[in-house]
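So for the sequence shown, the UniProt record's numbering puts the first residue at 1; every next one is plus one.
Each remark here refers to the structure printed beneath this line.
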Amino acid sequence: MQQLPRQAAIADFVQKHKIDVVGLLETKLKKQNYKYFLRNKFNDWRAVDNFDLIANSRMNDGTITRDQEEIIREFVSYYSTLLGTKKEPAPIVWDIIKQGPLVKDEENRNLVKEITTDEIKAALFDIGNDKAPGPDGYSSAFFKKHWERVGKDVVDAVKEFFETGRLLKNFNTTVVSLIPKTAINPTVGDYRPISCCNVLYKIITKIMSARMAPLLNRIVNMAQSAFIPGRNIMDNIHLAQELMRGYENKKNAPKCTIKIDLRKAYDTVDWDFLRTILHGLNIHPKFVYWVMQCVTSPRFSIAINGSPHGFFPGKRGLRQGDPMSPTLFIFCMEYLSRLLVVRTANSNFNFHAKCIREKITHLAFADDLMLFGRGDFMSMEILASTMEEFSSCSGLEINKDKSNLFSGGKLSHRALEEIKGIFGFPLGTLPVKYLGVPLESKKLNITHYTPLIEKLATITNKWTGKNLSYAGKAELVRSVLQGVECYWLQVFPLPANVRERVIAICREFLWGTKYAPVAWKDLCLPKEEGGLGFRNLGAWNKALLARNLWNIHVKKDSLWIKWIHSEFLRDKTVWEWTARKRDSPLFKRVLEIRDEMLTDLPRREVEKLWGKWYTNKGACDAYDWFRPKGERKLWHRAVWNAFVPPKFSFTTWQALKGRLPTRDRLGYLGIDQHCPLCQTHPESADHLFFKCDKTREVWKEIKTWLEMRRIITTIPSAIKWMAKERSGVAAIRKARKLALMATVNLMWRARNALIFDQTPFDPKHIVFEVKKVTYVVLYSLYPYEIVQQHLGE
Numbered sequence: 001m002q003q004l005p006r007q008a009a010i011a012d013f014v015q016k017h018k019i020d021v022v023g024l025l026e027t028k029l030k031k032q033n034y035k036y037f038l039r040n041k042f043n044d045w046r047a048v049d050n051f052d053l054i055a056n057s058r059m060n061d062g063t064i065t066r067d068q069e070e071i072i073r074e075f076v077s078y079y080s081t082l083l084g085t086k087k088e089p090a091p092i093v094w095d096i097i098k099q100g101p102l103v104k105d106e107e108n109r110n111l112v113k114e115i116t117t118d119e120i121k122a123a124l125f126d127i128g129n130d131k132a133p134g135p136d137g138y139s140s141a142f143f144k145k146h147w148e149r150v151g152k153d154v155v156d157a158v159k160e161f162f163e164t165g166r167l168l169k170n171f172n173t174t175v176v177s178l179i180p181k182t183a184i185n186p187t188v189g190d191y192r193p194i195s196c197c198n199v200l201y202k203i204i205t206k207i208m209s210a211r212m213a214p215l216l217n218r219i220v221n222m223a224q225s226a227f228i229p230g231r232n233i234m235d236n237i238h239l240a241q242e243l244m245r246g247y248e249n250k251k252n253a254p255k256c257t258i259k260i261d262l263r264k265a266y267d268t269v270d271w272d273f274l275r276t277i278l279h280g281l282n283i284h285p286k287f288v289y290w291v292m293q294c295v296t297s298p299r300f301s302i303a304i305n306g307s308p309h310g311f312f313p314g315k316r317g318l319r320q321g322d323p324m325s326p327t328l329f330i331f332c333m334e335y336l337s338r339l340l341v342v343r344t345a346n347s348n349f350n351f352h353a354k355c356i357r358e359k360i361t362h363l364a365f366a367d368d369l370m371l372f373g374r375g376d377f378m379s380m381e382i383l384a385s386t387m388e389e390f391s392s393c394s395g396l397e398i399n400k401d402k403s404n405l406f407s408g409g410k411l412s413h414r415a416l417e418e419i420k421g422i423f424g425f426p427l428g429t430l431p432v433k434y435l436g437v438p439l440e441s442k443k444l445n446i447t448h449y450t451p452l453i454e455k456l457a458t459i460t461n462k463w464t465g466k467n468l469s470y471a472g473k474a475e476l477v478r479s480v481l482q483g484v485e486c487y488w489l490q491v492f493p494l495p496a497n498v499r500e501r502v503i504a505i506c507r508e509f510l511w512g513t514k515y516a517p518v519a520w521k522d523l524c525l526p527k528e529e530g531g532l533g534f535r536n537l538g539a540w541n542k543a544l545l546a547r548n549l550w551n552i553h554v555k556k557d558s559l560w561i562k563w564i565h566s567e568f569l570r571d572k573t574v575w576e577w578t579a580r581k582r583d584s585p586l587f588k589r590v591l592e593i594r595d596e597m598l599t600d601l602p603r604r605e606v607e608k609l610w611g612k613w614y615t616n617k618g619a620c621d622a623y624d625w626f627r628p629k630g631e632r633k634l635w636h637r638a639v640w641n642a643f644v645p646p647k648f649s650f651t652t653w654q655a656l657k658g659r660l661p662t663r664d665r666l667g668y669l670g671i672d673q674h675c676p677l678c679q680t681h682p683e684s685a686d687h688l689f690f691k692c693d694k695t696r697e698v699w700k701e702i703k704t705w706l707e708m709r710r711i712i713t714t715i716p717s718a719i720k721w722m723a724k725e726r727s728g729v730a731a732i733r734k735a736r737k738l739a740l741m742a743t744v745n746l747m748w749r750a751r752n753a754l755i756f757d758q759t760p761f762d763p764k765h766i767v768f769e770v771k772k773v774t775y776v777v778l779y780s781l782y783p784y785e786i787v788q789q790h791l792g793e
């Protein structure tokens, strides 16, 4: 502690101010009413969503135990062995690592230059507030919130590490959280260990990771696409799909693909191997020393049912949860890439079909590995011996039970058996899951999209019955469900029947019934055009797939694009490329998109559009071009405001669309058409909200309170007036908008409570609730005095 005074100072500050943090959280809970949320929502969801609860465990002998002491002993023993033991590795071949690009002197100078305060602050503020805290219990939100107070101590502590190369032991203690990979009776080895590191440690390794990032694209083999700026997981998926096309055709040349599963890959990396690789890549010795100080000094506890157990030092592995681990793992895998390049240069090795020009032997996404070669004994033996050599020096072992061999083309039964004997892997069948999607040798049919359908159904089933409002469901559709869809839409031209099934799941989840008050195509319009901003699947699919056209046109520096040019275009341009009957659905669809655009625009304009859409941007501008257009609604700005709770905006939006199920719209059900409140007039939206004697009482109080003198007879006219309203101070204008939409929502809910629960309609209670929510929102936006000055008590 005395030798590292600045690190000790911040550690001491953290300990002394724990009481402040508890008080801060209590205040926040009371202010935002989170206690209600936690008590009601969390207790409901815990049985489904709590990944930390380990109620039972399958032991090594196959028996299942519920004894907590026995479970704790088993887990601590397993992970202390996994993370806390070391095996002696074989030496690496130094010449192999020198076969590719190395770090240059100028790059090394950037690695070890003086750490700045701006770097430290940027690293802290790049850590998400919702990221799990380390053993000290503090998330990044605490340090951000109190930066003015603790910033200097944080900066001093981080700089002390880079100046001395020493790390306070407390900074590198780690709690391992266990995430199950299987839902039913997982064994102790069926959990993914995620390391929860202290924020100060994360700041240090984030800085080092950021400094290493510019090296990756030049140094790392193009077959590796994980965690490297400018590279994309989709490139690996597309290329793997194309290479495995036609595997069922026995007339083609023999070929084999080997899908490798590395057992506990991150957790078993040998530290001596890592150190040697970093030195071999010519990374500055001082920087290597910093890295190894962080990697080799952790001490672990295992979190079991909310409590830490065990305390042991690490002896190997890279922690999942350490910001630096992905980059370091990629450097380790780079040795395999260089080893494959050298070993397959042997004249006895024959490349896989369509891999000869680019000399493709493998594809890697972090530890997700596929090997490719011609289906002959010598080629497969070279791949197998290369993997064995890599395993012996890196500590990374192949899980033979989860690895598979795939064969295609004209390969005899005897030859296949000999190849199987080389690897000792089971023979796999297509389709096979690769990076979350199915790989198949021919065109996918609707059954191949079952994983997508099931995943969406699982998510919606988990949230069904959680008392989410329509606004909450809409946000879940927009941010979660359509996020899942987006991944698949980047890979495949999604068939119409699959799109319809996906839409049906989302629609039924949103409305809770097969009857949809608003058509899905209208929901997919932007909010400015009267929709909810959902994505139109067909247009979004086009926008995402069309990115390939731009990448091909500009000859993007990726293995996927290089392969397309060498196998298909040769000396042609993307404009001269024509689809063949045997081409994949992806290529056919991409070229259809190109041709559709060329029917509307000249080539030069299409090229300009691609450049505008896909140069350092996402695909949002492309989507906006492809999507169906609607009529712009002038009321959208008044309805969708950040300060208005979404459930109020949603009800108002539904009313403006004329889609609230008032009784005048339900005549086909043969129900009584009279207003349930007054029982004298037919119920319509205009009557319910403005003409009924019961609701007039509400409006009279609200208008008097907010000094609104305008006569309001319909929701559209009220919103139109609000949109144009410029008089009064900002707090009053916000209060009027909020109160209007809160009144509409609360009236609608009270009307439904009367019909379905026989709860009397109480105008005074509605007025009270409108005022309450208005005050709560305004107090979060303005000082207390301003709100009191303009609205009073």
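We put the beta carbon where it would ideally sit given N, CA and C, even for glycine.
Remember, predicted model here, so these are calculated numbers, not experimental data.
Which of the three DSSP states, helix, strand or coil, is assigned to residue i?
{"i": "Phe312", "result": "strand"}
{"i": "Val518", "result": "coil"}
{"i": "Ala303", "result": "strand"}
{"i": "Glu397", "result": "strand"}
{"i": "Gln679", "result": "coil"}
{"i": "Ile219", "result": "helix"}
{"i": "Gln673", "result": "coil"}
{"i": "Thr578", "result": "coil"}
Alpha carbon to alpha carbon, how far is residue i from residue j?
{"i": "Asp95", "j": "Ile258", "result": "26 Å"}
{"i": "Glu388", "j": "Gly483", "result": "39 Å"}
{"i": "Phe365", "j": "Arg501", "result": "30 Å"}
{"i": "Tyr614", "j": "Arg547", "result": "7 Å"}
{"i": "Lys264", "j": "Lys202", "result": "22 Å"}
{"i": "Arg632", "j": "Lys720", "result": "14 Å"}
{"i": "Tyr784", "j": "Pro323", "result": "42 Å"}
{"i": "Ala718", "j": "Met747", "result": "16 Å"}
{"i": "Asn467", "j": "Thr460", "result": "13 Å"}
{"i": "Ile422", "j": "Phe329", "result": "27 Å"}
{"i": "Phe643", "j": "Val777", "result": "7 Å"}
{"i": "Asn185", "j": "Phe406", "result": "30 Å"}
{"i": "Pro626", "j": "Asn616", "result": "Checking the displayed sequence, the identity of residue 626 turns out to be Phe instead of Pro. Taking the straight line joining both Cα atoms gives about 19 Å."}
What are the start and end residues of the beta strand (DSSP E) that includes residue i?
{"i": "Met370", "result": "368-374"}
{"i": "Ser407", "result": "404-408"}
{"i": "Ile712", "result": "Element bounds for Ile712: n/a, residue is neither H nor E."}
{"i": "Pro438", "result": "437-439"}
Excluding five sequence neighbours on each side, which residues of the same chain lie with their C-beta closer than 6 Å to the C-beta of residue i?
{"i": "Ala496", "result": "none"}
{"i": "Lys86", "result": "Lys315, Arg316"}
{"i": "Asp367", "result": "Leu262, Ala265"}
{"i": "Leu494", "result": "Asn541"}
So if DSSP puts residue i in a beta bridge, which residue, or which two residues, is it bridged to?
{"i": "Thr174", "result": "Cys197, Phe300"}
{"i": "Ile258", "result": "Leu371, Leu405"}
{"i": "Ser57", "result": "Thr65"}
{"i": "Thr117", "result": "According to DSSP, Thr117 bridges with nothing at all."}
{"i": "Pro180", "result": "Tyr191"}
Here's a check: name, in chain order, each residue in its chain whose Cβ is nearer than 7 Å to the Cβ of residue i, leaving out the five neighbours to either side.
{"i": "Lys527", "result": "Gly533, His636, Trp640"}
{"i": "Trp653", "result": "Val639"}
Just to confirm the assignment, what range does the alpha helix (DSSP H) spanning residue i have?
{"i": "Ile360", "result": "No alpha helix (DSSP H) contains Ile360, which DSSP labels as neither H nor E."}
{"i": "Leu781", "result": "763-781"}
{"i": "Ile459", "result": "450-463"}
{"i": "Tyr78", "result": "68-84"}
{"i": "Tyr434", "result": "Note, Tyr434: premise wrong, no alpha helix (DSSP H); beta strand (DSSP E) at 432-434."}
{"i": "Asn236", "result": "233-243"}
{"i": "Ser649", "result": "646-656"}
{"i": "Met324", "result": "Element bounds for Met324: n/a, residue is neither H nor E."}
{"i": "Tyr784", "result": "784-791"}
{"i": "His687", "result": "No alpha helix (DSSP H) contains His687, which DSSP labels as neither H nor E."}
{"i": "Cys506", "result": "496-511"}
So, for residue i: in the same chain, excluding its five sequence neighbours on each side, which residues have a beta-carbon less than 8 Å away from its beta-carbon?
{"i": "Asp107", "result": "In the sequence as displayed, the identity of residue 107 is Glu instead of Asp. Excluding residues within five positions, the ones whose Cβ falls inside 8 Å are Pro214, Leu215."}
{"i": "Lys144", "result": "Leu124, Phe125, Asn129"}
{"i": "Val48", "result": "Here Val48 scores only 36 on pLDDT, less than 50, and its place in the model should not be relied on; the value that follows carries that caveat. Once the five neighbours on either side are set aside, the close Cβ partners of Val48 are Lys462."}
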